[in-house]
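Student: Take a look at this one; I'll ask things after.
Protein chains: 2
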Amino acid sequence: MAAEVHEGMAEVRNIDTRERILDAAERLFMAHGYDGTSMRQITGDAGVNLAAVNYHFGSKEALMQEVFRRRLDWLNEERMRMLDEMEAGSGGQPLKPSQIVDGFFGTLLRMADDEKRGGLTFLRLLGRTLTEPSEFIRTFLAEEYAHVLERYKAALFRALPDVPKAEIVWRFHFMLGATSYAIAGTDALRVVTDWGIEEGDSVDRLDRLLPRLMSFLLGGLRAPLPQFAAAEGEQQAARAA
Amino acid sequence: MAAEVHEGMAEVRNIDTRERILDAAERLFMAHGYDGTSMRQITGDAGVNLAAVNYHFGSKEALMQEVFRRRLDWLNEERMRMLDEMEAGSGGQPLKPSQIVDGFFGTLLRMADDEKRGGLTFLRLLGRTLTEPSEFIRTFLAEEYAHVLERYKAALFRALPDVPKAEIVWRFHFMLGATSYAIAGTDALRVVTDWGIEEGDSVDRLDRLLPRLMSFLLGGLRAPLPQFAAAEGEQQAARAA
DNA sequence: CTATGATTCAAACGAACGTATGAATCATAT
DNA sequence: ATATGATTCATACGTTCGTTTGAATCATAG
């Protein structure tokens, strides 16, 4: 079925083809979504034959999965490695929330500067895909992520023993959303209209986005616990200053 | 072109058809996305003829826009109304951040309990659409939102005079992301795996989600300002506790 | 009761979709 | 040099897509 990998410096042709397809698919999926991108666009952009995708990957779905696997394998290994390292250096003590958040979200954002790991394009694709409707994509991502999420959740539980676990999971979820938007398009809603009057900082200034996002995430993660209204019926908004 | 609206109690047939189409489209766009939903699915689910969409709305794109307009018109008017009301009652003083955040995001989340305004289905659709790739959707939403966003941004500028405007806009953006995830599926990444051991609180418990989200958003909004690394080159992670 | 315009309906349009096929072309090992 | 298997290629398949058409059906006004 699949091509056998030979040794030697050969294999330039098909490796090139595979990579070109993956690059084009990454770019187009990011720009137009999975359903909005056709095989003919992908192969056209990549400069390869239409049949090449099915030959090398089997199907469009399998291509999409490979687009993610190519990047996520490294990302999740790096996240695990950082957690291992931090926990090894903490002498059995719980980690600081800022360390954990940086390990998970900081590692992600720092990918944006690494063009050979997909850079901003992949980050945007990922940000948009987490809310994508396509069932098989979310299922695939959930499986790819599961063990990493479990370990980071566990680390947060230990770091914040006084915060109910359900609360931590929700806030992890909120942090994912904030990060997703931070990278998904950054002009998602053109909130951006007229902001950068003074400064010339936009998406590409990752060195400014990262501290900004980190402050926000940590502020949210460590916010006072919510007060649930005791009464049922219509819920009260939290008016506490 | 368009059907003329007569007086009287008639018009039951086409009004029904229009609403049935909008309801089905809202549900299906939420579940499978714009590109992933076909006209035949929509009309089939709605129990109307295939041609009905083009007759009543003109095109699939126009249908999508109407799906949003039907809900957003009310939402944005309500948001404006709340801001007017709060500013009228503040005696010229800046509003509290919690008031502003509740006006914008609280009003949105409270829609989920209002089934006749789309309820959770529309909220999820909206949450997922903000990151959707389809150009025309984002353009449309940006236009529909623009004036509301401007007013809320201005209110935040006034409420937080010591925070740089660019910082506020970024944090607004982050808040949008967190909220989007809070409503988009809530199992976006199955972060949820095993959390609710103790409590039975899930998406449907809006009365618990709202205070939770509000705490997080306000914590993020009022977090300490980020420290930008002075040096250029590779950026340092914010390691400050 | 009949005329009129709005709405519904079955059917079809051409275009684009993902995938499959079998022959041509290439690189390598013998 | 030739055989072999991997890869590329042009082409076609069957489906499904959004949209259009013209006749049938409905509700109302005169």
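In the order they appear, the protein sequences are chains C and S. Its first residue numbered 62, the first sequence is counted upward by one per residue in this note's numbering. Its first residue numbered 62, the second sequence is counted upward by one per residue in this note's numbering. Where is the CB? At the ideal position from N, CA and C, for every residue including glycine.
S:Leu270: which of C:Arg273, C:Gln288 and C:Arg269 sits nearest, CA to CA?
Tutor: The shortest Cα separation from S:Leu270 among C:Arg273, C:Gln288 and C:Arg269 belongs to C:Gln288.
Student: So, helix, strand or coil for C:Arg283, using DSSP?
Tutor: It is coil, neither helix nor strand.
Student: List, in order along the chain, the chain S residues whose C-beta lies closer than 8 angstroms to that of C:Glu193?
Tutor: Result: Gly94 and Arg189.
Student: How would you label S:Asp268, buried or exposed, when you count the other beta carbons within 10 angstroms and need 16 or more for buried?
Tutor: S:Asp268 comes out buried.
Student: For chain C, find out if any of its Cβ atoms is closer than 9 angstroms to the Cβ of S:Phe289; answer yes or no.
Tutor: For S:Phe289, the answer is yes, since a Cβ of chain C falls inside 9 angstroms of its Cβ.
Student: For C:Glu193, does the three-state DSSP call read helix, strand or coil?
Tutor: C:Glu193 falls in the coil class under three-state DSSP.
Student: For C:Gly280, return the contacting residues in chain S, with the cut-off set at a CB-CB distance below 8 angstroms.
Tutor: Per Cβ cutoff of 8 angstroms: Gly280, Gly281, Leu282, Arg283, Ala284 and Pro285.
Student: Within 9 angstroms of any Cβ in chain S, is that where the Cβ of C:Asp223 sits?
Tutor: No, because no Cβ of chain S sits closer than 9 angstroms to the Cβ of C:Asp223.
Student: Taking C-beta pairs closer than 9 angstroms, name the residues in chain C that S:Phe235 reaches, listed in chain order.
Tutor: Chain C residues near S:Phe235: Gly238, Ala239, Thr240, Tyr242, Ala243, Arg273, Leu274, Phe277, Leu278 and Gly281.
Student: Given a cut-off of 9 angstroms on the beta-carbon distance, is the pair S:Met91 and S:Leu169 in contact?
Tutor: No, Cβ-Cβ distance for S:Met91 and S:Leu169 is not below 9 angstroms.
Student: Which residue from S:Leu89, S:Trp135 and S:Leu136 puts its Cα closest to that of S:Leu124?
Tutor: Nearest option by C-alpha distance: S:Leu89.
Student: Whose Cβ in chain C lies nearer than 7 angstroms to the Cβ of S:Trp135?
Tutor: What S:Trp135 touches in chain C: nothing, since even the nearest Cβ is about 18 angstroms away.
Student: Let's test the definition: count the other Cβ atoms within 10 Å of the Cβ of C:Leu184 and tell me whether it reaches 16, buried, or not, exposed.
Tutor: Answer is buried; the Cβ neighbour count reaches 16.
Student: Below 8 angstroms on the Cβ atoms is my guess for C:Gly281 versus C:Phe235; work out the distance and round it to an integer in Å.
Tutor: Correct: roughly 6 angstroms between the Cβ atoms.
Student: Are any of the Cβ atoms in chain S nearer than 9 angstroms to that of C:Arg232?
Tutor: It does: the Cβ of C:Arg232 has a partner Cβ on chain S nearer than 9 angstroms.
Student: Any C-beta of chain S sitting closer than 9 angstroms to the C-beta of C:Glu228?
Tutor: Closer than 9 angstroms to some Cβ of chain S, the Cβ of C:Glu228 qualifies, so yes.
Student: On a CA-only basis, which of C:Glu204, C:Glu193, C:Leu279 and C:Lys226 is nearest S:Ser241? Give me that one, please.
Tutor: The shortest Cα separation from S:Ser241 among C:Glu204, C:Glu193, C:Leu279 and C:Lys226 belongs to C:Glu193.
Student: Taking C-beta pairs closer than 7 angstroms, name the residues in chain C that S:Arg269 reaches, listed in chain order.
Tutor: Near S:Arg269 (Cβ distances below 7 angstroms), the residues of chain C are Phe289.
Student: Can you check whether the CB of S:Asn137 is closer than 9 angstroms to the CB of S:His208?
Tutor: Closer than 9 angstroms, so yes.
Student: If I follow the unbroken alpha helix (DSSP H) through S:Glu139, where does it start and stop?
Tutor: Element bounds for S:Glu139: Lys121 to Ala149.
Student: What number of angstroms, rounded off, separates the C-alpha of S:Gln160 from the C-alpha of S:Gly153?
Tutor: Looking at the two C-alpha atoms, the distance is approximately 15 angstroms.
Student: Flag C:Gly337 as yes if its beta-carbon sits less than 9 angstroms from any beta-carbon of chain S, otherwise no.
Tutor: This structure cannot speak to residue 337 of chain C, because chain C is shown only from 62 to 302.
Student: Give me the residue from S:Gly238, S:Ile103, S:Gln126 and S:Val114 with the minimum Cα distance to C:Arg189.
Tutor: Comparing Cα-Cα distances from C:Arg189 to each of S:Gly238, S:Ile103, S:Gln126 and S:Val114, the minimum goes to S:Gly238.
Student: Are the C-beta atoms of S:Ile258 and some chain C residue less than 9 angstroms apart?
Tutor: At S:Ile258, the pLDDT of 37 sits below 50, so the modelled position is not reliable and the matter cannot be decided from this model.
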